[in-house]
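What follows is a set of notes on a single structure, which appears directly below.
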Amino acid sequence: MSLDLATTRRIAKLARIGLADAELETVRQKLDGILGWVDQLSEVDVEGVPPMVGTEMEALRQREDVVTDGNCQQAVLSCAPETSGPFYTVPKVVE
Amino acid sequence: MSYIIEGKTGSWEIVVGLEVHAQIISHSKLFSGASTKFGGEPNSQVSLVDAAFPGMLPVINRECVAQAVRTGLGLNARINLQSRFDRKNYFYADLPQGYQISQFEHPIVGEGSIEIELAGGETRQIGITRLHMEQDAGKLLHDQDPTRSFVDLNRSGVALMEIVSEPDIRAPEEAGAYLRKLRQILRYLGTCDGNMDEGSMRADVNVSVRKAGEPFRTRCEIKNVNSIRFVMQAIEIEAARQVEIWENGGEVDQETRLFDPGRGETRTMRSKEDAHDYRYFPDPDLLPLVIEQEWVDGLKAALPELPDAKRARFQQQYGVPFYDAGVLVAEQSVADFFETVAKGRDGKLAVTWVTGELFSALNRTGRTIENSPVSADALGKMLDLIADGTINGKIAKDVFEDMVETGESPDAIVEKKGLKQVTDTGVIDAAVDAIMAKHADKVAEYRSGKDKLFGFFVGQVMKETKGKANPALVNDALKAKLDA
Chain A
1 MSLDLATTRR IAKLARIGLA DAELETVRQK LDGILGWVDQ LSEVDVEGVP
51 PMVGTEMEAL RQREDVVTDG NCQQAVLSCA PETSGPFYTV PKVVE
Chain X
1 MSYIIEGKTG SWEIVVGLEV HAQIISHSKL FSGASTKFGG EPNSQVSLVD
51 AAFPGMLPVI NRECVAQAVR TGLGLNARIN LQSRFDRKNY FYADLPQGYQ
101 ISQFEHPIVG EGSIEIELAG GETRQIGITR LHMEQDAGKL LHDQDPTRSF
151 VDLNRSGVAL MEIVSEPDIR APEEAGAYLR KLRQILRYLG TCDGNMDEGS
201 MRADVNVSVR KAGEPFRTRC EIKNVNSIRF VMQAIEIEAA RQVEIWENGG
251 EVDQETRLFD PGRGETRTMR SKEDAHDYRY FPDPDLLPLV IEQEWVDGLK
301 AALPELPDAK RARFQQQYGV PFYDAGVLVA EQSVADFFET VAKGRDGKLA
351 VTWVTGELFS ALNRTGRTIE NSPVSADALG KMLDLIADGT INGKIAKDVF
401 EDMVETGESP DAIVEKKGLK QVTDTGVIDA AVDAIMAKHA DKVAEYRSGK
451 DKLFGFFVGQ VMKETKGKAN PALVNDALKA KLDA
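In order, the protein sequence lines correspond to chains A and X.
Under UniProt numbering, the letters of the first sequence match residues 1 to 95, in that order.
Under UniProt numbering, the letters of the second sequence match residues 1 to 484, in that order.
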């Protein structure tokens with residue numbers, strides 16, 4: 001398995017990471033290395049073995065439908081780079 | 001019902017499937033304890049989970065799961081006891097996490113179906129492919145500032161059901177009937193309020209065209225259409241556009257389009273080149289959702305009666321005709337009103353009054369059934385007065401009008417205005433004699449064979465008694481005296 005430059009560029013675009021052409025080959029090699037490492041897993045025969053999703057609990061913990069949170073506008077907005085009144089603001093996005 | 005587009009090269013049929021996003025009715029959000037109330041101060045109903053602060057973990061709301069299961073049961077669908085949540089990755093300013101938690105590979109509800117009714121009473125089954133739960137996004141305001149968009153995350157994380165139909169729809173009218181029926185079922189179940197103008201129900205429409213007997217051709221998806229009428233218009237317009245492309249030797253591109261009702265056109269929103277690549281993968285913060293068959297059975301046992309079942313019961317129990325039964329069950333509040341009126345009374349009479357006099361009174365006064373000027377109990381009491389012979393059907397209409405205007409009880413109105421039906425045969429006989437004396441010429445004509453005059457005499461006698469005479473007794477008395 002080998003990652004090509006076009007795919008590397010596409011992955012960067014999907015992740016909204018700007019890469020200069022000069023950086024592209026380095027990133028491609030590093031990603032390729034990671035993928036190759038993970039790909040070793042496919043050597044294991046897991047035919048008929050259900051996927052393991054956790055070690056302790058087998059099922060999702062559920063909560064009751066009550067309002068216990070929110071009402072913390074200041075906290076929510078506190079880390080925003082930009083706000084206006086009760087809103088976050090971002091560069092205009094209109095599709 | 002067939003909807004055919006006649007092109008230069010022959011006839012085309014349309015193939016439509018709908019993806020409906022329905023906001024789940026719950027107090028708190030799908031994965032956080034923040035409130036779901038509509039119309040709160042911006043960013044006040046947001047927890048640190050909804051705002052995607054680092055390290056915050058989602059915990060699922062049991063009631064949202066129950067609502068999805070109820071909806072699945074209402075759609076006669078398979079409930080998957082094990083389902084799973086995935087991350088759908090994309091960047092947009094209304095999505096603080098950078099991914100939407102959704103169910104991609106293993107939805108909570110599998111195949112089901114909805115029966116739709118078309119003009120003329122014809123019915124069709126539309127298949128449901130799946131129903132899954134996911135998070136809603138926040139809201140963007142673009143008109144507050146020339147260079148900035150404003151973000152309100154109150155809606156962020158509210159639970160949605162995405163309900164996907166099979167591509168079984170073949171006409172714009174069928175799409176409309178499907179959406180109306182789906183909305184009706186959701187409202188009966190109390191799982192979604194179905195208000196399309198508030199955005200709590202919205203539809204993505206998949207449209208393609210083909211010639212008879214062909215496999216499917218390329219489809220386009222029209223995003224976020226927010227009324228039933230617009231869905232029907234968008235299908236018509238998009239199908240015509242595609243036919244024109246194919247007939248001119250072109251190819252329809254698979255793409256996402258927007259419907260512009262003002263201009264009556266659909267246009268490209270995203271071409272294939274920028275098509276989203278969502279890179280779904282199982283959300284590592286959430287274990288598989290496992291529910292028990294017993295719990296599902298309990299939810300099923302507690303489901304309210306759904307429109308189709310109620311309609312059948314109204315036909316059977318109250319003798320209501322098929323069409324009228326459909327009108328009554330269209331809204332649960334109307335069905336409940338009818339049933340209060342009809343219980344223990346003449347069902348056919350009840351349906352006539354509810355769909356006749358009552359509906360026209362609501363229309364005239366601009367009221368809805370919820371704040372009807374005449375309560376179901378009052379209308380029922382009035383029917384009792386008809387049944388026990390206190391008033392006749394004609395006087396009942398006057399009494400009803402009075403009830404609409406004054407809100408008084410039917411007994412009080414009958415008492416006050418002296419509208420009690422005359423059943424005293426002495427009084428009726430006297431009236432008949434007076435009329436016969438007054439119209440001796442007509443009596444002679446009648447007796448020489450002009451039977452049709454009988455109606456004239458009935459009318460005159462009723463007029464003489466100010467409409468209060470019991471019509472059956474008038475008939476008897478007239479027959480006896482005229483034929484004597």
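Just so you know, even glycine gets a beta-carbon here, dropped at the ideal spot from N, CA and C.
Measuring CA to CA, which of the options is closest to residue i?
i	options	result
Val225(X)	Gly176(X), Ala484(X), Phe359(X) and Ser2(X)	Gly176(X)
residue 486(X)	Val461(X), Cys192(X), Lys466(X) and Gly393(X)	Residue 486(X) is absent from the structure shown; chain X starts at 1 and stops at 484.
Ile114(X)	Leu95(X), Asp168(X), Asp136(X) and Asn89(X)	Asp168(X)
Glu41(X)	Ile126(X), Asp152(X) and Asp94(X)	Asp152(X)
Glu162(X)	Ile101(X), Gln421(X), Thr218(X) and Thr266(X)	Ile101(X)
Phe259(X)	Ile228(X), Ala51(X) and Glu198(X)	Ile228(X)
residue 489(X)	Pro215(X), Ile413(X), His132(X) and Glu174(X)	Not covered by the structure: residue 489(X). The range shown for chain X is 1 to 484.
Phe454(X)	Asn475(X), Glu464(X), Asp441(X) and Ile291(X)	Asn475(X)
Tyr188(X)	Leu289(X), Asp377(X), Ala302(X) and Ile435(X)	Ala302(X)
Ala387(X)	Lys420(X), Gly366(X), Thr368(X) and Thr406(X)	Lys420(X)
Leu14(A)	Asp277(X), Asn470(X) and Gly366(X)	Asp277(X)
Less than 8 Å between CB atoms is the rule here; does residue i satisfy it with respect to chain A?
i	result
Glu221(X)	no
His106(X)	no
Val46(X)	yes
Phe91(X)	yes
Thr147(X)	yes
Ile24(X)	no
Ala52(X)	no
Label residue i either buried or exposed according to how many other C-beta atoms from any shown protein chain fall within 10 Å of its C-beta, with 16 as the threshold for buried.
i	result
Ser149(X)	buried
Met52(A)	exposed
Phe281(X)	exposed
Phe400(X)	buried
Asn195(X)	exposed
Pro172(X)	buried
Leu57(X)	exposed
Ser83(X)	buried
residue 485(X)	Here chain X comprises residues numbered 1 to 484, so residue 485(X) is not present and cannot be evaluated.
Cys220(X)	buried
Leu5(A)	exposed
Thr406(X)	exposed
Asp65(A)	buried
Can you grab the Cα-Cα spacing for the pair residue i / residue j, in whole Å?
i	j	result
Thr129(X)	Pro410(X)	52 Å
Tyr446(X)	His439(X)	11 Å
Gln73(A)	Ser47(X)	9 Å
Ala22(A)	Phe85(X)	38 Å
Val382(X)	Ala396(X)	At residue 382(X) the sequence reads Met, which differs from the Val that was named. Going from the Cα of Met382(X) to the Cα of Ala396(X) covers about 7 Å.
Ile79(X)	Pro373(X)	43 Å
Val243(X)	Val164(X)	25 Å
Leu179(X)	Ala22(X)	11 Å
Phe230(X)	Pro261(X)	7 Å
Arg170(X)	Ile34(A)	49 Å
Gly467(X)	Val427(X)	13 Å
Gly55(X)	Val16(X)	42 Å
Glu214(X)	Asp193(X)	39 Å
Met269(X)	Arg257(X)	5 Å
Lys452(X)	Ile391(X)	27 Å
Ile435(X)	Asn371(X)	45 Å
Pro81(A)	Pro284(X)	28 Å
Tyr88(A)	Lys37(X)	20 Å
Contact check, residue i vs residue j under 8 Å by CB: the rounded distance?
i	j	result
Arg63(A)	Ile25(X)	Actually they do not touch by this definition, with Cβ atoms about 17 Å apart.
Ile4(X)	Leu75(X)	At roughly 29 Å, the Cβ-Cβ gap does not stay under 8 Å, so Ile4(X) and Leu75(X) are not in contact.
Gln103(X)	Glu134(X)	7 Å
Val341(X)	Leu379(X)	5 Å
Leu77(A)	Asn43(X)	6 Å
Ile222(X)	Gly264(X)	Ile222(X) to Gly264(X), Cβ: 13 Å. No contact.
Gly389(X)	Thr352(X)	Contact doesn't hold; Cβ gap of about 18 Å is too wide.
Val109(X)	Gly72(X)	3 Å
Lys211(X)	Ser11(X)	7 Å
Determine whether the Cβ of residue i lies closer than 8 Å to any Cβ atom of chain X.
i	result
Asp39(A)	no
Leu19(A)	no
Gly70(A)	yes
Ser84(A)	yes
Glu47(A)	no
Gln29(A)	no
Val66(A)	yes
Thr89(A)	yes
Arg9(A)	no
Leu60(A)	yes
Ala75(A)	yes
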